[in-house]
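The letter at position 12 of the sequence shown is residue 83 when you use this note's numbering, and the numbering goes up by one with no holes. The beta-carbon is built from N, C-alpha and C at its ideal position, and this holds for glycine as well.
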Amino acid sequence: MEVPSKTFDIVLFGTGYYPYVPYLQIVHPKSCILAPLTSYTITPSRIRVIHLQILYAHNPTFAFIGETTSFIPFLFADLASTWIAFAWSGTIPVLTAPEERLVYERRRLGRDVSLC
């Protein structure tokens, strides 16, 4: 049964300790082809191209809570969800370009990060 996405407020994915969600696919920003967001080949193990370990750099309306840890305390989840609410409501600014949103990830990894 196909349901319009506007009927959902939140989608929750839980896969265990490894950030691998093969059923979650995105439109690749350069090739415009549907591609998996995660892969076992990404090192270090993470969901790539996320701003402040929360927002997907190419679409800041797509967010993750607890992506960086295998166990997430309620306090961290609460802080991350509050930050998302402030960002989406415009209370705090979000950088406008994907390249700007990836500066933190590049610094955290100590190397250049692909925009894809």
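Run of the beta strand (DSSP E) containing residue i, from where it starts to where it stops
i: valine 98; result: 96-98
i: alanine 134; result: Here alanine 134 belongs to no beta strand (DSSP E), and DSSP marks it neither H nor E.
i: alanine 106; result: 105-107
Short Cβ contact (8 Å threshold) for residue i with residue j
i: isoleucine 125; j: isoleucine 104; result: no
i: proline 169; j: alanine 128; result: yes
i: isoleucine 121; j: glutamate 138; result: yes
i: phenylalanine 133; j: isoleucine 118; result: no
Nearest-angstrom beta carbon gap, residue j and residue i [assumed within contact, 8 Å]
i: leucine 108; j: valine 92; result: 7 Å
Unbroken alpha helix (DSSP H) run spanning residue i, endpoints
i: proline 169; result: 169-172
- Task: Would you check if the region 147-158 and the region 167-181 touch, i.e. whether three or more CB-CB distances between them fall below 8 Å?
- Result: no
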